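So for the sequence shown, our numbering puts the first residue at 1023; every next one is plus one.
All residues carry an ideal CB built from backbone N, CA and C; glycine is no exception.
Quantities reported herein were computed from a predicted structural model and do not represent experimental measurements.
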Amino acid sequence: MKYAMMIGLFAAATLSPAVLAAEPPATLHIGLDDIDLTTPRGVAAAQRRIDRAVGAFCRNDVEHLSHAGRRAARQCREAARGDALAQLDDRRLRQLAAR
1023 MKYAMMIGLF AAATLSPAVL AAEPPATLHI GLDDIDLTTP RGVAAAQRRI DRAVGAFCRN
1083 DVEHLSHAGR RAARQCREAA RGDALAQLDD RRLRQLAAR
């Protein structure tokens, strides 16, 4: 699976080169424009929103999947969450600098 994630910006993460050639990229967009990231409450709200969006984007119903399917779902969640949190940190720093 190949996907691109957007939190106001664009970041791409990949899983398998063989799968990448076969599938067009899917896009995950998490809107954070309405959250003040300069406060601890705002950051916590953004992290919850990211967790929900990543859970919906990557498979969570892994009980019936093979071991490889579970691993792919876990890798998707880890990569998507890592990218989203990196973008969240960047956006938070920009909001703090703009104050």
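Let me make sure I understand the geometry here. Which of the options has the alpha-carbon closest to that of residue i?
i	options	result
phenylalanine 1079	Leu1115, Cys1098, Arg1063 and Ala1068	Cys1098
With a cut-off of 8 Å on the beta carbons, I'd call residue i and residue j a contact; round off their distance for me.
i	j	result
alanine 1094	isoleucine 1052	Not really, about 21 Å apart at Cβ, beyond 8 Å.
Measuring straight from C-alpha to C-alpha, what distance separates residue i and residue j?
i	j	result
alanine 1090	aspartate 1083	14 Å
leucine 1115	alanine 1067	16 Å
proline 1047	alanine 1120	33 Å
valine 1076	leucine 1118	25 Å
proline 1062	alanine 1102	22 Å
aspartate 1055	alanine 1108	16 Å
arginine 1071	aspartate 1111	14 Å
threonine 1060	arginine 1113	10 Å
arginine 1092	histidine 1086	9 Å
glutamine 1069	aspartate 1058	12 Å
glycine 1104	valine 1065	15 Å
leucine 1050	arginine 1074	12 Å
Let me check one thing: in DSSP terms, what residues is residue i bridge-paired to?
i	result
alanine 1095	Answer is none; alanine 1095 lacks a bridge partner.
Does the CB of residue i have a neighbour CB from chain D at under 8 Å?
i	result
alanine 1108	This model lacks chain D altogether; it includes just one protein chain.
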